[in-house]
Each structure stands twice: as C-alpha cells, then as structure tokens.
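Protein chains in written order, with the working numbering: chain A, 270 to 825; chain B, 910 to 1227; chain C, 22 to 345.
Glycine residues also receive a C-beta, built at the ideal position from the N, C-alpha and C atoms.
No experiment lies behind these values; they were computed from the predicted model shown.
First up is the structure itself, then whatever we jot down about it.
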Amino acid sequence: MNNRLQLALIGAAAVLIIALAGVLVFVVAGGDGDKKETTNGEKTPTASATEDNGDGGGEASDGELIIRGTDPLFLDPAVAQDADSAAYIVEIFSGLVRLDKDLQIQPDLAEALPTVSADGLTYTFTIRRNATFHDGRPVLAGDVKYALERALQPETASVVAENFLGDIVGAKDVSRGRATEVSGLKVIDDSTIEITIDAPKPYFLYKLTYPTGFVVDQRQIEANPRRWTQKPNGTGPYTLEEWRLGERIVLQAYDKHYLGAPKLKTVRFELSGGSGLVAYQDGDIDITGVGLDDLEAIQDASNDLNKEYSQTPRQSLDYIGFNTNTPPFDDAKVRQAFALSVDRTKIAEVILKRAIPVANGILMPGVPGYTTDEKTYPYDPDEAKKLLSESKYADNMPEITLAETGAGGTVGPTTEAIVQYWKDNLGIDVKIQQAEAGTFFSDIDQGRYQMFHLGWIMDYPDPEDILDILFYSKSRQNNTRYTNPEIDALLESARVEQDTEKRLATYQDVEKKLIQDAVWMPMFYDVTHALVKPYVTGFSFPPMVIERYRDIEVNR
Amino acid sequence: MDGLAAYVIRRLLFLPVTLLIVSFATFYITRWGPGDPISIYSGHYRDEEAFDRVREQYGLDKPIVAQYGIWLERVALHGDFGPSFRYRDRDIPDILGPKIWVSLRLSLYAFLIAFAIGIPVGILAAVKQGTWLDPFMISVFLFFQSIPALVTVPVLVLVLSAKLHWVPPGGFDGMFSKSMIIPTLALSLPGVAGIARLARATTLGTLGEDFVRTARAKGLDEFTVISRHVARNSVVPVMTTVIGLSLVGLVEGALFTETILGIPGIGRFTVEAVTTQDYNVVLTIVLFSATLFVLANLAVDIALAAIDPRIRFGGSNR
Amino acid sequence: MTALALSREPELEPISGVAGSPTARALRRLLGKRIAVLSLAVIAVFYSAGIFASLVAPYGYSEQNLDKSFEGPSLAHPFGTDRNGRDTLSRNIFAARTTVIVSVATVAAGGIVLPLTLGLLAGYRRGIVDAVIMRTGEILGALPGLPMLLLVNTTLRPRIKTWLTDTSGQVHVDFLANSNFLDYFLIFFFLSWFGWVGSSRLIRSQVLTLRRSEFIIAAEASGAGTVRILFRHLLPSVMPIVIVGVSAGLGAVAGTEIALTFLGVGIQPPHPSFGALITDGASRAVLENHPQLLLVPAAMVASLLFAFNLLGDALNDVFTPRAR
C-alpha cells in the first residue's frame, strides 16, 4: 500500500477522533452556556464566571463560612421531603412560624404566635408589616394562602403536603383535585389570615414549621414554572447566590430581612471532596463531622484538635423492627428473646467507640415525654433462651432475614455484631439482606421483611411524630404491622388531649407497652460529633433541620 | 478500499438501530425494578395514594410501552430527554454536561502521562527483545495494572494528604490545582502496561519492515533509526487506538477514583443515578456511551485499516 | 478501570491446519518460561486456598469476639483481627473462596461455553445466524458494562429474589432463595452475559479464515454434520483464543467482583469477599491505624491479578509466533 494513502487514512481517523472529542466539548460547553442564560434572565449579579477559582480558604474574607454540604434535590418547599433539600430551604424561605434552637415554636413571618379560638380549631395569624420577598415585595396574607394551596394542588406533585397540611379543613379536597381553594384558609385583610383545622390538634403548629407551609412567590412561579427554584425569590434570611450541581452552593445574606440583617454574610457549601477531617486540618473548610475511628484520638485531651471538638445529641433513634405479622415474629416471645440476647452496651463500647449512647426507650432525649429510666430489655441470654423455648416456634424456627438499607458496599459492623449475638445466644443463623433505599421502603410497605434495621429522625419534637405515625394500626407508616386496640385507643385520646401533662403521660404509657411487647428493639440514639474552627462563633448543631446560619460570626 | 467504505457506511446505518434497541431495553430494565423514583425520593413518607397522584403527573402510571413511545417522540422530535426525577428543575444535558467535562479533563492528564511513559517503554522493550530488560519493564507496569484503584487511591490519600498535607484529600478544583495529583497518579499508572504492550507489538512489526532495514543498511546509528523511523510508525497507531478506546471508557474510566475522592465527574454521578433510579438520566447516559462506543470503535477500525492494509472488514471478503 | 478499557486482546495469528498439536506444543513452550510457571504456582496456591478454605482457615469467617477488636498481629491471629474481633487471615481465605466460585463459574459460562458456541456457529454457518449473533454482540458491546451491571442488579436482582422468596414452598427454590448461591449466580450470570462478545468475535474471525481450508472441505465431503465439524475440526484450532480468554477472564472477573461489591451490588455480607474486605479497610482512619486490614487483601488480590497478567503475557507470546 502506498505510503501517502496510509498517511491520509491515519489523518482521517485522527480527524474523526478529534471531531468526536470536539462534539463532546461542544455539548458540554453548550450546556454551560444555556445555564448561564437562564440565570442571567433573572438579572443576577453573578460574581465571576471564571472556571477554576475554587481553591478553598485562600480568598475567603471575614463573614464567610465554608462547610461541606450535599446537593439538595429540589428547592421547592412544597415538594421537599428530604433533609438535604430542607437544610437550604429553611435558610432561603420562611413560614408563619418556625422552631428555634431549643425547638420552641416562635413566630416568623407572623408577628406573634396566633390567637387560637376556644374550641382549638381556628388559628388567626397577623403577618409582620416589614416582611418582604428577596425582590423587596411585601409578604401579604394572600401569599400565605397561595403557598399553602399550591402545595396541596395535584400539579405540584408533593407527596408530603397532605401529611403536613391535611389537618386544615378542605385541604384534601384540593389535594384530590375536587376543589381549587382550601375552605379552611381565609384571608381577612392583607396582613391577617385565619386557618381552621378539623379537630383541636395541639401539634398543628409544629406541622406548620415544616417547609410545606413556607411562603413562595406566586409571580415568579407563574412566570417560570419549571426553573424558578434555580434562583428562588424567597422570604428567608439568605438568597441562593450560586448552585453548581455537585460542586458548590453559595448563600448570600438578605440584608433587608424582617428579623434584621444576618451577621454571617456568606455561607459556602462545598458539595464534593474527600476526607472532611483532612480538609479541615488543611483549613479548607471551617466545620467538619468526626468519624468513629478518629473519635478516640480527638477526644484525647492532649490532641490539638480537642479544643475545637464538640458533641450534640440528635433526635434520632436507631432500632430493629419486627414484622409482627409474619413468622416467627408474630409471637411476642420470639421478639422478646431476640431483644434480650443482644449486648448493646458492648457493641456501643467496642464497635461504636462510645460515640453514641444506648437507647433507653423509644423517645429520645429532648423530645417532650422523654424519661431517663431504663425501659428497654437488658442483656440476658438465659432469659432469652427460656422465652424462645416457650415460644410456638421453639422447634420449628423458620429461616430469618434481617433487612437494612445499604448503598455503599458492606453492612455496618454493628449489624454483623447483632446477628452474631443471635447466632451465639439463640443458635439462630439470621441472614442479612441489604437493599437500595427505594427497594427497601417499598418492600417494607408491602410487609416483605421479617425484621429490619432502620432509624427514625424526628420531624418535630412531639411524641406524636414517632408513636402515632409508626404504631397506630391504621397509619400508613406502620411498618411493623402492629395492631393493638389498646394502643390505638391510647394514641387516639392523646391526639386531642389538651392537658399537656396528661397527654405526655399517655405517650409514656404507650412507649412502655410497645417496648414490653418488643415491637421494636431500640438500639442507639444519635449524636453529632464535630470540629469547629475557633474563629467561628455562634455555631451549634440543632437536633433537627432548622434555620441556623444567621447569628454565626466568622473572624478568621 | 471499497470494503472499508462499505463497512463504515454499514456501521453508521446500523447505529440508529443499535440506539433504538439499547434505549428500549434500558427503558424497560429501569422500570422493572421494585419501587420508582417517586417512592424512592419519599424516604420515610409512605403515602401510596399521594405517590399515585404524583405518578399520574409524570405519566408514570401509563403502560411501559406507552411511556416509551412518549419518551421516544420527545427525544426524536424535540431533543428533550425528559425530566430528571432527582433534580426536577434542570434539563438532563445541563446536568450531565459539567460532569462529563470534569471527567474529560481528569482523564487528559492520565493519558498524557500514560503515553509519555508507555510508548518509550514499549519501544525500548521491543528493541531489547530477548534480553531481561524486555520482560522486566513490562512486568513492572503489569504490576501497577494489578492493583485495584480501591487500594491505590486510599493509600495515596493517606500518604500525600493525611500525613504530608501536600494535596487536598479529594474534590476537583480545576486543571491546574493540586487536587489533580492523586487522580492523575491513580488513573495513569495502571494504563501504562496496556500502552507499552501495544507499542511493543507495533514496534516489533515495524522493525521487520523494509524501510527500517534500508535505514540500517545506510549505516544510520541505532538511535536515529529508532527515533526517526520506528517510533513515528509505532506512536500514531497506538495513540489512535488508545484514545479511541478510552473515550469509550469515559463513563466508567474514573468511576472508582471519582467515588473515593468525591470528584463530581460522570462516573460517580452515573452510580448515583442508577442507584436512585433516576430513569431518564440513566437512559441518557447509556445512550451517550453507546453512541460514543460505536463512533470511537469505528474510528479505531479506520485507523487500524490505514496502518495495516491486511486487515479486512465485513463478510464480503474472499 | 482504565486497565480494563485498554485490554483489547492483540489479534492472534491464525494457527492453521493440524488439530491438537500446535496448541499442545505452545503449552509445552509455556512451561519452559520461568515467569509463566511462577504465575501458575501463585494461581494454584490462591485457588487451593480458596477451594479448601474451610479446612485451611483457622477460624470461621464470622466468628466474632468483641473483646478482641482491632488486635494487632499475634500468634493466634497472624494478621490481627478486624473491628468485630474476627480473624483477618481466615476472612481473607474465605474471600478467596468467593473469588474462586464467582470467577470459575463466570468464565466457564461467559468465557468458554457462550463464546465458543456462538463464535463457532457464527463463523461456520454465516448468513442469518452470523448476522443475529454478531448484531446482538454489537448491541451488548455498546452498552456501558459497569453501569448496566449496576442497573440490572438494582432492578432485576430484587425481582428474582422476591420471586424466589414468594414461592419458597418448593424445596429447590427454597435452597436458591436462602443460600448465598443466588448472589454468586446473579453476578456470574450478568457478567457472562456481557462477557462473551469479545472472544466470540475473535473465534468467529478465526473460523472464517478456516472454513474454506482443505481439511474442512474434506470433512464436509465425507458427510460430517455441523456439530461434528464444529467440535472435532474447528474447535482445536480456536483453543488458543479460548485459553488466552480464560486466563484474562479469570483475572478480570476477580477484579470486577471487587468493583461490584464496593458499589454494593456484589457479594452480600456476612460472606466475606475481597471487595468487602478492601472497602472496609480503605477508610482513611482505619487505614491509618490498622493498615493490615487493607494491605492483606490488597496483597492477595494484587498477586493473583499480577499472576494472571503475566500468564496472559506469556500465553500471548507462545501463541503468537511473530512476536518470537
């Protein structure tokens, strides 16, 4: 073959490959260009469009906090149901009421807590006169009505709206498409709104602190229905300055906020990166969580980092649930035997390095109704064996599988340890099955699992949020399929009990009975372990997702 | 060369068929799993009635074939790949573009280094064939190829970041930052052996060619012969093949390095999209890589045909 | 894994003619190579450790002792213990067993049976059979392997599991549903599904060059049927391709298991596998304080893969006369 032809062909191949790469780059660059256009359309003062200026702490000025974050899914408060999205939504948006750091309800867009009618059904809110959206437009009662109705409308496609707003009279008519207006929402004048609920439920205000009840800008949504969340015009203390998927999010203080200009001007969330501790040591981030295996070293007082270390309990419980409908866990004795045969203290000490405490009940410290006395089963293998031999499955134990969510490789060593305890003490070889969160939750829904390892994080600090939602026989979230008329009756009475003390006592009663019946095996409460740079003041780890950056000061 | 032209045209004509079958199969498989995006993103909230209402909004209640038809029409007529269920306010090309761009830049250094080491090593090994140096050099790099990225990356992070604090422990700060060092090392070293072996084989072929013999006969010194004549003829085919095949591996290439180091590239994102059943995003990624695969392979075939006219294509020969 | 993407096998020279002997001669040449023998020895040690795991390992793979968490090397535990106080050495030996089961099953199906049958058929019968097999291969080949494996695992696997669990009244299905057999089976099934394409294409082109050769024509003239021609006459001459493919495949599957398990779709715990061991040991803090938890499985896997790589190199040499 002639040499020139050969060269030409090689050239052609090279051109084809280069063209391929070129197309790639073009697609990519084109994608970038599009994005800039859409955000420019809303006249944003973009700081800089340059590519590679993200080299951490170097250029940080006072008043900027740099931390690790996670990509939110969708910054529409009506739709959000995940903690990742909520963490940003509570800063960018706000509602009539909010939770403060002690989890007390405080007025937010409302100038004071609402006046409640004598029958406990009608709540009247007065909206602050200086409350404005980020574009300066005042927030009116009509905006609140619009936001709540929009959250409920089927087109909004929110799966949580009914859960949080369903107590309002007429809410379900809207969510089921039977009406467009919620009859229980009444605008009295521009700054007054009246909300009527279907029964005197003392926890209703808590439900309004959830993002579903936050105010959104009707004009912006109608002008740009699909993309308004990329630059939302909210009412919270911060505006969304920048969001590069998987790279970073920047929140900028809204100085005309109705509660005063936030002290912290900029919060920068780094959405990618490796080991947080190393990045913290390098000064690239100001706050980091501490993992189990670094904990011992850092808790040692001689460690340099020890002064920057703190721990905060979270309202979160790790537990093992039994499906009370399937063998062998339809027999309470089997459940009790399983609960008695695991040495949780040992696991906490050895495997969890004392990072988190053993649970002494279902309700966590900080939740109203929590008591410090030991309510769970102790470690007693002999008693466990005895109960097992008395159970109806003593001689014909079926195969048992423990399910847990898992997305990253291996089962936690905790689960493996638990399973080993059952093998050693009860002689039962429990299999472990990991499932993707989606699979897991739909399988749990259908009662496919015999037992499962799971956690529960409180949405609002009221026992109703865990006991009623998870153990009421007709609740959608009742994944243990537990049915007990006595418990049902207690839960129903607690719902509308107006005397707080009596109400909490009822919940404590329910908690004790549930544990005795071993529906759940409470394992551990959760704790946040973190390092905070000494130049950051006013930072705390709230036990739940609440607005938290406004009062922080950074003096590098 | 008729065979080649016909072959190229046939392959190009078959591309839409491939994409159609691939898209339908993927579409079907994604929707086969238990649960769907609506129920996955709802975590604890299990309100099947509410889920059904939302599914209706997204057309997920229709039969799969009907859903596929709607999707196909949108893609074919409007270039609209459908909504991402995870990031609902973004178009899929806007989501994938920056990720692909990151991975592309990441692999660029890795290739440069792998070539810079692999080609000289391969040529040297060929020239030194029969001595201990040939198997030794190839073996050294085969060893690097044998260590999984899951081992190399954590060790590099421990030494270079956690102990020495020379480089950040992960992330991506652009092409000219220290964050490139660990991924470049982890991605380039395992690739050297493959390139070296290829370069060695090509060089062995070239060494027997007439023009090399002529050059030697002319009395040119060995170095000149190798650098002028042999190298040029070995480098081009190797680079073409490797670059072509590596474009194919763009999605998977840096998957583990990206995942461990928390780099926002397409590999890591693909894993997330699959495990969270973000239907349309998964589908788009699969179609993207399938197209890339077919085109890049075609380019490599053309290149190989140019290099070695003995290779023939298609069933029509003989 | 860049390495995987790059390992397009070099074209093999056609080995024409007489059945049996060239392959045998090449293999004898292989045994003359010191590196090849050494690699074979390493592989043999690894495989026998895996096969006889329950005899060799001093402890069970899930035998825990919470009083002995994270112990360093000692006489009782030569490589120390892990977080749950389990013996690192034993867990690695049982992980080798997992690797052996998965890779042998996968390679038997995806590296030998499927590519041989399909490649021989496509090359010999040509026409519509060839077109269907090769186009199917092309489409399967165009799919991005790892993402597809992940996808199939997250969607199909639960389906199959559910189906097996629901009908667990029957004994044979019960066995499948409740043992780890299913995990192994699913992995090897999906891997071989995507794995046959490469070698069958090589086999096909080899057959294409042979099918008009004299000895095949002679066989056809004497009235031999398709099956006989395929397996008596064509099979011997494609053996080199199969042998090289098996050697490469065994290594590749061992590597892929690690990848899949890291991504959470491979071997399910508490069964140990190298993927799980490496993932556990790779966290920065664990690596810093207990490096043996990563280094022991890493060394075992790396030496196995290294041996397969060297062996593959040697095999290429002995089967490719030109490179001599």
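Taking 7 Å as the upper bound on Cβ-Cβ separation, chain B lies near no residue of the segment 77-100 of chain C. With respect to chain B, the C-beta atom of Asn310/C has no partner C-beta closer than 8 Å. One finds Val1066, Ser1070, Pro1077, Pro1078, Gly1079, Gly1080, Ile1169, Leu1170 and Gly1171 in chain B with Cβ atoms closer than 8 Å to the Cβ of Gly543/A, taken in chain order. In the structure shown, Phe1020/B falls within a helical segment according to DSSP collapsed to helix, strand and coil. Within chain A, the C-beta atoms nearer than 8 Å to that of Thr175/C come from Glu705 and Thr708, in chain order.
Spatial neighbours of Ile466/A in its own chain (CB-CB distance under 7 Å, excluding positions within 5 residues in sequence) are listed in chain order as Leu390, Asp436, Ile437, Val438, Gly453 and Phe473. Identification of chain B residues near Ala570/A by a Cβ-Cβ cut-off of 8 Å yields none; the smallest Cβ-Cβ distance measures about 22 Å. Between the segment 551-567 of chain A and the segment 1200-1213 of chain B there are fewer than three inter-stretch CB-CB distances shorter than 8 Å, so the stretches are not counted as touching.
Counting only unbroken stretches of 4 or more residues, no alpha helix (DSSP H) element lies wholly within the segment 501-544 of chain A. Taking the Cβ atoms as the reference, Ala57/C lies roughly 6 Å from Leu332/C, within the contact range of under 8 Å. Going by C-alpha positions, Ser1016/B is about 15 Å away from Ile1104/B. Sixteen is the threshold: since fewer than 16 other Cβ atoms of the shown chains lie within 10 Å of the Cβ of Glu643/A, the residue is exposed.
Residue contact check for Ala143/C against chain A: no CB pair falls below 8 Å. Against chain C, the CB of Val438/A has no partner CB under 8 Å away; the residue lies outside that interface. Between Gly1080/B and Ser541/A, the CB-CB gap stays under 8 Å. In chain order, Leu142 and Ala143 place their CB closer than 8 Å to the CB of Val150/C, counting only its own chain and leaving out the 5 sequence neighbours on each side.
Short of 8 Å from the beta carbon of Leu1013/B, and not among the five residues preceding or following it, lie these beta carbons of its own chain, in chain order: Leu1159.
By the 16-neighbour rule on beta-carbons within 10 angstroms, Arg997/B is buried. Secondary structure of Pro43/C (DSSP, three-state): helix. Residues of the segment 102-121 of chain C with a C-beta less than 9 Å from any C-beta of chain A: Asp103, Arg104, Asn105, Gly106 and Arg107, listed in chain order.
Proximity of the segment 912-922 of chain B to the segment 599-613 of chain A falls short of the contact definition, fewer than three beta-carbon pairs being nearer than 8 Å. Against Trp941/B, the close residues of chain C are Thr176, Leu177 and Arg180, in the order they occur along the chain (beta-carbon pairs closer than 8 Å). For Ser304/C, the chain A residues whose C-beta falls within less than 8 Å of its own C-beta are Gly560 and Asp562, listed in chain order. Per the DSSP secondary-structure output, Ala799/A pairs in a beta bridge with Gly558/A and Ser579/A. Comparing C-alpha distances from Lys781/A to each of Ala704/A, Tyr729/A, Phe710/A and Asn629/A shows the shortest one belongs to Asn629/A. Within the segment 616-628 of chain A, the residues whose Cβ lies closer than 9 Å to any Cβ of chain C are, in chain order, Ile616, Glu618, Val619 and Ile620.
Around the beta carbon of Glu761/A, fewer than 16 other beta carbons lie within 10 angstroms, which makes this residue exposed. Distance check between Phe709/A and each of Gly515/A, Ala352/A, Glu816/A and His722/A places His722/A closest, using alpha-carbon atoms only. If you draw a 10 Å sphere on the C-beta of Pro531/A, you find 16 or more other C-beta atoms in it, and that means buried. Ser220/C and Pro136/C do touch by the CB rule: their CB atoms are close to 4 Å apart, below 8 Å.
In the three-state scheme derived from DSSP, where H, G and I count as helix and E and B as strand, Lys782/A is classed as helix.
Going by beta carbons, Arg1109/B and Ala1023/B fall outside the 8 Å limit.
Here Thr393/A has Pro383, Thr384 and Glu463 as same chain residues with Cβ atoms under 6 Å from its own Cβ, once five neighbours each way along the sequence are excluded.
The alpha-carbon of Thr504/A is positioned some 9 Å away from that of Tyr523/A. By the CB criterion at 8 Å, Phe1050/B and Ala985/B fall outside the cutoff.
Against chain B, the CB of Thr300/C has a partner CB under 8 Å away; the residue lies at that interface.
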